[in-house]
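**Q** Going by full-length UniProt numbering, 70 is the number at position 70 of the sequence shown; the sequence numbering is gapless. Note that beta-carbon positions come from the ideal geometry of N, C-alpha and C, so glycine has one too. Please read all numbers here as calculations on a predicted model, not as lab measurements. This is the structure I have questions about; it appears just below.
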Amino acid sequence: DLSGLFGNEKHSDVVFGIRGHQFKAHKNILSARSSVFSEMFQHEGLEASHQINIQDIDPEVFQEVLRFIYTGHVPSTKMDALGLGLLAAGEKYLLKSLKNACEKHLVNSLSAENCVEFLVVAKSHSADYLKKNALDFLRRFSREVKATDAW
Numbered sequence: 001d002l003s004g005l006f007g008n009e010k011h012s013d014v015v016f017g018i019r020g021h022q023f024k025a026h027k028n029i030l031s032a033r034s035s036v037f038s039e040m041f042q043h044e045g046l047e048a049s050h051q052i053n054i055q056d057i058d059p060e061v062f063q064e065v066l067r068f069i070y071t072g073h074v075p076s077t078k079m080d081a082l083g084l085g086l087l088a089a090g091e092k093y094l095l096k097s098l099k100n101a102c103e104k105h106l107v108n109s110l111s112a113e114n115c116v117e118f119l120v121v122a123k124s125h126s127a128d129y130l131k132k133n134a135l136d137f138l139r140r141f142s143r144e145v146k147a148t149d150a151w
């Protein structure tokens, strides 16, 4: 059980700088869960570095990515608020189980108001399950979806 290490600075050996926020983590755990992190840490110059700056992700999303890596779970309230960002992060960091969890959560929250946005995101992040379900929703509720500003 690695959940006790989430947010625990003891023995942490890397710091991520995300838009003014800092997150301490453990390279070996991140490397074991994500080949992207593994390659990042092996990249020339980064292996010795203890600070990695990433600007293309929201700090709150990154915190939940770390939570997922350590615990295998994202609280549903966080998934509600950050699901699209977490889906993108799951794709970026090759965290298939995070991506799958996000797709399932987003499918359960499909509505006329978010159907178009979910379709766009699904296409850009190769989220086939979300895409299929959003298209099915669009077929069943086309009148309602077409009446939204997003259409």
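Please tell me whether Val74 and Ala112 are closer than 7 Å, where the distance is taken between their beta carbons.
**A** No. Outside cutoff.
**Q** Verify whether the separation of the beta carbon atoms of Ala122 and Leu110 is less than 7 Å.
**A** Not closer than 7 Å, so no.
**Q** Hey, how far is the Cα of residue 200 from the Cα of His21?
**A** An answer regarding residue 200 cannot be provided, because it is not within the stretch 1 to 151 covered by the chain.
**Q** Sorted by chain position, which residues of the same chain lie with C-beta nearer than 6 Å to Ser38's C-beta, five sequence neighbours on each side aside?
**A** The residues are Ser31.
**Q** Excluding the 5 residues flanking Glu103 on each side, which residues of the same chain have their C-beta closer than 6 Å to its C-beta?
**A** Answer for Glu103: Ala127, Tyr129 and Leu130, listed in chain order.
**Q** Please state whether DSSP places Ile57 in a helix, a strand or coil.
**A** Reduced to three states, the DSSP call for Ile57 is coil.
**Q** Identify which residue in Leu2, Leu5, Lys27 and Gly4 has its Cα closest to the Cα of Asp13.
**A** When each option's Cα is compared against that of Asp13, the closest is Lys27.
**Q** I'd like to know whether the C-beta atoms of Tyr93 and Val15 end up nearer to each other than 7 Å.
**A** Cβ distance not < 7 Å, so Tyr93 and Val15 don't count as in contact.
**Q** For the candidate residues Leu95, Asn133, Leu119 and Val120, whose alpha-carbon lies nearest to that of Glu64?
**A** Checked all of Leu95, Asn133, Leu119 and Val120; the closest Cα to Glu64 is Leu95.
**Q** Note down, one range per segment and in chain order, each alpha helix (DSSP H) of at least 4 residues found wholly within the stretch 46-133.
**A** Correct list: 59-71, 76-92, 96-108 and 115-124.
**Q** Do residue 186 and Leu106 have their C-beta atoms closer together than 7 Å?
**A** Because the chain spans 1 through 151 in this model, residue 186 falls outside it and cannot be assessed.
**Q** Go to Lys10, then tell me how far its alpha helix (DSSP H) extends in each direction, as first and last residue.
**A** Neither: Lys10 is in no alpha helix (DSSP H) and is coded neither H nor E.
**Q** Could you tell me the distance, in whole angstroms, from the CA atom of Asn133 to the CA atom of Ile52?
**A** Cα-Cα distance, rounded: 37 Å.
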